[in-house]
Amino acid sequence: MSESPTLEYILLVAHLVVGFLLVFFSAKAFTRTKYKPMILLAIGFTLLVLGETVVEYAFNFLQNENLQKIIEEGFEIAGFAVLILAVKKS
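If you're matching positions, the sequence shown starts at 507 in this note's numbering and goes up one per residue.
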């Protein structure tokens, strides 16, 4: 069963809003505390949100599903790596 385009866009927008709220609050926590791992959290969450949402659609022009998937997963893996670094530094 495939999703309707409307539902797909609603879910995409919801994902972006919630994801970037997380980024906003982690960046705000950094500006308040100047605690370096907080900026790493913001960067990691940004990479995850971009990899999960924007990158998936931004690289449609490549016409190569495997390459798109590699780029998307690369963003997500980089995001997780930065989050691990943030946790280790805290």
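A virtual CB, placed ideally from N, CA and C, is assigned to each residue, including glycine.
The C-beta distance from Gly557 to Phe581 rounds to 3 Å, short enough to fall under 8 Å.
Taking the C-beta atoms as reference points, Ala520 is found no nearer than 8 Å to Ser532. For Leu546, the CB contacts under 6 Å within the same chain, skipping 5 residues up- and downstream, are Val588, Leu591 and Ala592 in chain order. Your pair Ile583 and Phe565 does not check out as a contact, with CB atoms roughly 16 Å apart and the cut at 8 Å. Residue burial is scored here from C-beta neighbours: Thr512 has fewer than 16 other C-beta atoms within 10 angstroms and is therefore classed as exposed. Annotation: Arg538 to Asn570 spans about 43 Å, alpha carbon to alpha carbon.
By the criterion of a C-beta distance shorter than 7 Å, Met544 is surrounded in its chain by Ser532, Ala535 and Phe536, once the five residues flanking it on both sides are discounted.
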